[in-house]
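Structure record follows, encoded as structure tokens.
Numbering (my numbering), first residue to last: 511 to 812.
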């Protein structure tokens, strides 16, 4: 393991070991302080965040974009502070930490025994939403995690999410899709963060007026298993409670090839994501390149 990898792993270990012991007001203040320092330094992540916001809010002035990126970093650090502290939260704190609109889409879908795929963008805190599902609703689910470097950091994330009641599969390795399909055929729940393609072989969609690539997995799973496909968007307000909305199901088109159906369904997901992101752009934690025009052609993604 390189020195940089060891340092990264140690810093995350410090976060999970120390931040979760802080009183909540202290953790909130710490997160905001770190966010503001990072924003003032204007590193690559902050610059990319601001550039992405410029696509979401194309008429924003430079001053407005600066305000958005500052708010975005505060939202991003709120996500991290909450995530570090989630393992220490009581069941009551988790149950009271999230409020979902139109939850009936999920409960009715599961009651029908078809299985449900929840697809989310990188909005607010998807880990908190997942913990709420397993704790408040008592519904286990399966998800997929990107293999992070160093491997010890990936192991920390897997252990963290499994501790919250999630079944976690590695993104790489080729077996995740088959396992997810089996869970859905058994009437289970699958949750996937789906606004950024990690394979460079995803589906091209129109997203805020330009072309981006999003993963085909959610649409393919729905087609193959008959599961309900539900877009979900999340946001923060000024309270300690995160908010969310379950959008109406994305239907499988009645005609067309598999690829054509996947394209239509993935575009429908992108449109639902765009609605939530446009309403709460500061809660979209996209500090990486997303649109094809921004990607390095030599690498395919960054």
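Note that CB positions come from ideal geometry on N, CA and C, so glycine has one too.
*Report the option in 744, 740 and 671 whose CA atom is closest to the CA atom of residue 699.*
Nearest C-alpha to residue 699: 740.
*Reducing DSSP to helix, strand and coil, say where residue 752 ends up.*
Strand.
*Below 7 Å between beta carbons: does that hold for residue 556 and residue 549?*
Yes, the pair counts as a contact, with Cβ atoms nearer than the cut-off.
*Among the residues of its own chain, which have a CB less than 7 Å from the CB of residue 472, if the five just before and after it don't count?*
Since the first residue of the chain shown is 511 and the last is 812, residue 472 is not available in this structure.
_Buried or exposed for residue 707, going by 16 or more other Cβ atoms inside 10 Å?_
It is buried - the Cβ of residue 707 has at least 16 other Cβ atoms within 10 Å.
_Helix, strand or coil at residue 558 [DSSP, three-state]_ = In this structure, residue 558 counts as helix in the three-state DSSP scheme.
*Roughly how many angstroms lie between the CA atoms of residue 536 and residue 737, to the nearest whole one?*
Cα to Cα, the separation comes out at about 43 Å.
_Supposed contact pair residue 640 and residue 674 - C-beta distance, whole angstroms, cut 8 Å_ = With a beta-carbon spacing of about 6 Å, residue 674 and residue 640 fall inside the 8 Å limit used to define contacts.
*Counting Cβ pairs closer than 8 Å, one from the segment 611-619 and one from the segment 756-763, do we hit at least three?*
Counting C-beta pairs closer than 8 Å gives three or more between the segment 611-619 and the segment 756-763, which meets the contact rule.
*With a cut-off of 8 Å, do at least 3 Cβ pairs link the segment 725-737 to the segment 764-777?*
Contact holds: three or more Cβ-Cβ distances are below 8 Å.
*The beta strand (DSSP E) spanning residue 605 covers which residue range?*
Careful: residue 605 lies outside any beta strand (DSSP E), inside the alpha helix (DSSP H) at 601-605.
*asked:* Going by the DSSP bridge assignment, what does residue 804 pair with across the sheet?
replied: In the DSSP assignment, residue 804 forms no beta bridge with any residue.
*Outcome for residue 578 when other beta-carbon atoms lying within 10 angstroms are tallied against a minimum of 16*: Of the residues assessed, residue 578 falls on the buried side of the cut-off, its CB having 16 or more other CB atoms within 10 angstroms.
*How long is the line joining the alpha carbons of residue 563 and residue 581, rounded to whole angstroms?*
Distance between the alpha carbons of residue 563 and residue 581: 11 Å.
*Neighbourhood of residue 604 by C-beta, 8 Å cutoff - its chain only, sequence neighbours within 5 removed*: For residue 604, where only same-chain residues beyond five positions count, the Cβ hits under 8 Å are 596, 638, 641, 642, 645 and 646.
*Is it right to say residue 671 is buried, meaning 16 or more other beta carbons lie within 10 angstroms of its own, or is it exposed?*
Burial call: buried.
*Segment limits, beta strand (DSSP E) that includes residue 738*: Counting along the chain, residue 738 sits inside the beta strand (DSSP E) bounded by residues 738-745.
*Taking the C-alpha atoms as reference points, what is the distance between residue 734 and residue 576?*
Between the C-alpha atoms of residue 734 and residue 576 there is a straight-line separation of about 44 Å.
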